[in-house]
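The structure appears right after this line, and notes come after that.
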Amino acid sequence: MRRNAAALALLLAACTQPKPLDVLGEVPQFQLTAQNDKPFDSKSLDGHIWVADFIYTTCEGPCPMMSHQMRGIQNSTAGSPDVKLVSFTVDPARDTPPVLEKYSKHFQADPARWYFLTGEMERLNDLGVKSFKLNNVDGNLSHSTRFALVDGKRRVRGYYLSSDDDFPKRLLHDIRQLQSERS
Numbered sequence: 007m008r009r010n011a012a013a014l015a016l017l018l019a020a021c022t023q024p025k026p027l028d029v030l031g032e033v034p035q036f037q038l039t040a041q042n043d044k045p046f047d048s049k050s051l052d053g054h055i056w057v058a059d060f061i062y063t064t065c066e067g068p069c070p071m072m073s074h075q076m077r078g079i080q081n082s083t084a085g086s087p088d089v090k091l092v093s094f095t096v097d098p099a100r101d102t103p104p105v106l107e108k109y110s111k112h113f114q115a116d117p118a119r120w121y122f123l124t125g126e127m128e129r130l131n132d133l134g135v136k137s138f139k140l141n142n143v144d145g146n147l148s149h150s151t152r153f154a155l156v157d158g159k160r161r162v163r164g165y166y167l168s169s170d171d172d173f174p175k176r177l178l179h180d181i182r183q184l185q186s187e188r189s
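In the working numbering, the protein residues as written are 7 to 189.
Written out as structure tokens, the structure is:
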């Protein structure tokens with residue numbers, strides 16, 4: 007009888023624990039250039055939870071909305087300075103550091119937490135296709151409108167479509183879950 011009660015207690019405890027987020031991919035180390043025109047080494051993200059998206063500054067479609075949503079994520083995680091945000095350009099020819107700096111100020115990006123990155127098209131393409139499995143960065147400016155959640159070990163743990171009404175709520179929930187996994 008005690009054995010059954012103990013087994014039932016373990017089963018109930020397992021049911022109340024959130025299921026760990028799946029590992030959907032890995033992001034290799036990379037070096038790009040940030041909006042402040044300084045080299046950006048992805049090692050600075052190691053140990054941090056971060057949210058990534060792909061945008062371009064002259065976009066008249068989804069990019070401004072995505073950047074607005076990213077600002078909402080920045081504001082919602084203001085009490086967690088360990089949560090970082092990374093916006094990769096899909097238009098490195100035009101999105102130079104000064105252009106990205108102006109764009110970041112327009113969206114009130116906290117430069118200590120939200121990075122706008124540019125670099126060689128080939129490197130950005132490798133990240134977009136092979137690492138994030140979101141989109142090509144090949145000059146045609148088409149890109150995914152999904153956000154990716156990355157853990158402190160550079161593993162992609164979730165994707166969130168920016169047009170889903172509940173995406174910010176789900177993303178923030180998953181960020182909290184990753185934070186609790188580290189505790």
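Glycine included, each C-beta is placed from N, C-alpha and C at the ideal position.
Status (buried if at least 16 other CB within 10 Å, exposed otherwise) for residue i
i: proline 98; result: buried
i: asparagine 146; result: exposed
i: glutamine 75; result: buried
i: lysine 90; result: buried
i: glycine 53; result: exposed
i: alanine 20; result: Because the pLDDT of alanine 20 is 49, which lies under 50, any placement of that residue in the model is unreliable, and the number read from its coordinates should be weighed accordingly. With fewer than 16 other Cβ atoms within 10 Å, it is exposed.
i: alanine 154; result: buried
i: aspartate 157; result: buried
i: leucine 167; result: exposed
i: threonine 64; result: exposed
i: arginine 100; result: exposed
i: glutamine 80; result: buried
i: histidine 149; result: buried
i: serine 48; result: buried
i: aspartate 180; result: buried
Three-state secondary structure (DSSP) of residue i
i: alanine 20; result: For alanine 20, the pLDDT reaches just 49, beneath the cut-off of 50, and the residue's location in the model is therefore unreliable, although a value from the coordinates is still provided. Alanine 20 falls in the helix class under three-state DSSP.
i: proline 68; result: coil
i: glutamine 37; result: strand
i: glutamate 32; result: strand
i: arginine 152; result: strand
i: valine 162; result: strand
i: phenylalanine 122; result: strand
i: leucine 177; result: helix
i: leucine 184; result: helix
i: leucine 133; result: helix
Cβ separation of residue i and residue j, assumed to be a contact under 8 Å, to the nearest whole Å
i: valine 143; j: valine 105; result: In fact, because the Cβ distance is near 16 Å, the residues do not count as touching under 8 Å.
i: proline 117; j: aspartate 43; result: With a Cβ gap of about 12 Å, proline 117 and aspartate 43 do not count as contacting.
i: glutamine 185; j: serine 86; result: 7 Å
i: phenylalanine 94; j: alanine 58; result: 7 Å
i: valine 33; j: arginine 119; result: With a Cβ gap of about 18 Å, valine 33 and arginine 119 do not count as contacting.
i: asparagine 141; j: phenylalanine 60; result: 6 Å
i: phenylalanine 46; j: arginine 129; result: Not really, about 12 Å apart at Cβ, beyond 8 Å.
i: arginine 163; j: valine 29; result: 7 Å
i: phenylalanine 113; j: serine 82; result: Not really, about 15 Å apart at Cβ, beyond 8 Å.
i: valine 92; j: tyrosine 121; result: 5 Å
i: threonine 151; j: serine 137; result: Going by Cβ atoms, the distance from threonine 151 to serine 137 rounds to 18 Å, so no, they are not a contact pair.
7 Å Cβ cutoff, residue i in contact with chain D
i: leucine 130; result: The displayed structure is made up of one protein chain only, and chain D is not part of it.
For the stretch 154-174 against the stretch 123-135, are there 3 or more C-beta pairs whose distance is under 8 Å?
-> When C-beta atoms of the stretch 154-174 are compared with those of the stretch 123-135, fewer than three pairs fall below 8 Å, so the two segments do not count as touching.
Runs of alpha helix (DSSP H) lying entirely within the stretch 40-113, each at least 4 residues, in chain order | Counting only runs of 4 or more, we get 69-82 and 103-112.
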